[in-house]
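Below: one structure, written as structure tokens.
In my numbering, the protein residues as written are 77 to 453.
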């Protein structure tokens, strides 16, 4: 079986973990964590990077920093992972789901303004498959209506929009280092802060609502509880693993891009036959090859293709069930309009295996897909 995903190790991860143990610091915010913060701040260009134990934690911190009150609204796509909505629901806010674009499958910026009400506080663009949302338009809408922009860049490290790294444009952004992402730590994430006014409070929220970080920098003579917060730090073992990944990040993404291109070129003839639709990446968006997906004609066809690939030893998966159709989505959120593109995409999208080390297996995947689709030789 060719698995859908296989976590990649550079070869230095276990050595780094041993070094963390040798230094006697395994809790959060040790030397490896500081290396991660520096790398992210330099690479993304954010004001402050704070490592978290998950992207979910980063989004929850963003929701706390937004100072939401019960009934406040946050605009986002329904075609996303549950954490995008849950982080704000935990604060009593109401996610307002807006449809996605048919080309990039990102939040449709042309529909955002009509969804804004006096209760709207923030917009959460989700950069699907590492391809940027149309950030200039979204940032301009937010400026006109005095809204925060919180980038869900879980899939976007290494991608950019008009040469600006994803995660550098909104006031806040969240990254993921889950084992399914390009750069991994098993579980892990980060909050990126681009608004200087939010940086100090972000540190406090991350440290259980205390000013502990200021204490260790010598800015206060003792630390104490000063705000709401929780324990959002990862352990130093996670950070040590992640440092090894950061050191090879460019090479990892280059290898993924080469595999993405192999899929994209090979499937052009399938698209010409009308068997599928390939991903669309605008010229001004540099993506990181986070995933390669195809859109099939309908749900029944996708179900049959998944079954055929499985029989041939290839694991493929679909993606999000729209949040607006989920039980909790109906209870805690609302949809702005019918969201036809979201519903249609959810039924048709299929993701193919894409992981570093499977280069010699792509031919087998494509051969199996040809059989599953009944494509011409």
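Beta carbons: idealized from backbone N, C-alpha and C, even for Gly.
Treat the numbers as computed from the prediction; the structure is a model and nothing was measured.
Checklist line | Short Cβ contact (8 Å threshold) for residue 236 with residue 321 | finding: For residue 236 and residue 321, no; Cβs fall outside 8 Å.
Notebook entry, point to check: Would you say residue 234 and residue 364 are within 8 Å of each other, going by their C-beta atoms?
Noted result: Cβ atoms of residue 234 and residue 364: closer than 8 Å.
Margin query: Judging by CA-CA distance, which residue of 366, 376 and 220 is the nearest neighbour of residue 255?
Written below: Distance from the Cα of residue 255 is smallest, within the candidate group 366, 376 and 220, for 366.
Notebook entry, point to check: Can you name the residues that DSSP bridges to residue 228?
Noted result: Looking at the DSSP output, residue 228 sits in a beta bridge with 202 and 250.
Checklist line | 6 Å Cβ shell around residue 314 - same chain, five flanking residues per side excluded | finding: So the qualifying residues of the chain are 261 and 264.
Next item on the list: Reducing DSSP to helix, strand and coil, say where residue 241 ends up.
Entry: Strand.
Checklist line | Contact under 8 Å by Cβ, residue 195 with residue 231 | finding: No, Cβ-Cβ distance for residue 195 and residue 231 is not below 8 Å.
Next item on the list: Using alpha carbons as the reference points, say which of 311, 221 and 217 lies closest to residue 108.
Entry: Each of 311, 221 and 217 was checked against the Cα of residue 108, and the nearest Cα belongs to 311.
Notebook entry, point to check: Out of curiosity, what's the CA-to-CA distance linking residue 140 and residue 98?
Noted result: Residue 140 and residue 98: Cα-Cα distance of roughly 36 Å.
Check: Along the chain, where does the alpha helix (DSSP H) that runs through residue 351 open and close?
Finding: Run containing residue 351: none; DSSP gives neither H nor E here.
Next item on the list: In the DSSP assignment, find the alpha helix (DSSP H) that holds residue 153 and state where it starts and stops.
Entry: Where residue 153 is concerned, there is no enclosing alpha helix (DSSP H), although the beta strand (DSSP E) around it starts and stops at 149-153.
Check: How many angstroms separate the CA atom of residue 269 from the CA atom of residue 275?
Finding: Using only the alpha carbons, I get a separation of about 6 Å.
Next item on the list: Please name the residue or residues paired with residue 411 in a DSSP beta bridge.
Entry: Looking at the DSSP assignment, residue 411 forms a beta bridge with 173.
Next item on the list: Return the chain-ordered list of same chain residues with a C-beta closer than 7 Å to the C-beta of residue 125, the five sequence neighbours on each side being excluded.
Entry: Contacts found: 113, 116, 117, 266 and 268.
Margin query: Between the alpha carbons of residue 121 and residue 387, how many angstroms are there, rounded?
Written below: Going by C-alpha positions, residue 121 is about 46 Å away from residue 387.
Check: So is residue 412 buried or exposed if we call it buried at 16+ other beta carbons inside 10 Å?
Finding: Around the beta-carbon of residue 412, 16 or more other beta-carbon atoms lie within 10 Å, marking it buried.
Check: With 16 other CB atoms within 10 Å as the buried threshold, where does residue 152 fall?
Finding: It is buried - the Cβ of residue 152 has at least 16 other Cβ atoms within 10 Å.
Notebook entry, point to check: Which residue from 227, 415 and 347 puts its Cα closest to that of residue 187?
Noted result: For residue 187, the nearest C-alpha among the options comes from 415.
Note to self: Ignoring anything shorter than 4 residues, give me the alpha helix (DSSP H) runs that lie fully in the stretch 267-333, in order along the chain.
What the structure shows: Inside the stretch 267-333, DSSP marks whole alpha helix (DSSP H) runs of 4 or more residues at positions 272-282, 288-292 and 312-323, from first to last along the chain.
Next item on the list: Look at the alpha carbon of residue 104 and the alpha carbon of residue 296, and state the distance between them as a whole number of angstroms.
Entry: Approximately 20 Å between the Cα atoms of the pair.
Check: Of all the options 309, 318 and 279, which has the alpha carbon lying nearest to the alpha carbon of residue 299?
Finding: The closest CA to that of residue 299, considering only 309, 318 and 279, is found on 279.
Notebook entry, point to check: Quick one: what's got a C-beta closer than 6 Å to residue 211's C-beta in the same chain, skipping five residues either side?
Noted result: Taken in chain order, the residues that qualify are 237 and 245.
Notebook entry, point to check: For residue 262, which three-state DSSP category applies?
Noted result: Look at residue 262 here: in three-state DSSP terms it is strand.
Next item on the list: Go through its chain and collect everything with a Cβ distance to residue 323's Cβ below 8 Å, but skip five positions before and after it.
Entry: So the list reads 86 and 88, once near-sequence residues are dropped.
Next item on the list: Please report how far the alpha carbon of residue 223 lies from the alpha carbon of residue 385, in whole angstroms.
Entry: Rounded to the nearest whole angstrom, the CA to CA distance from residue 223 to residue 385 is 45 Å.
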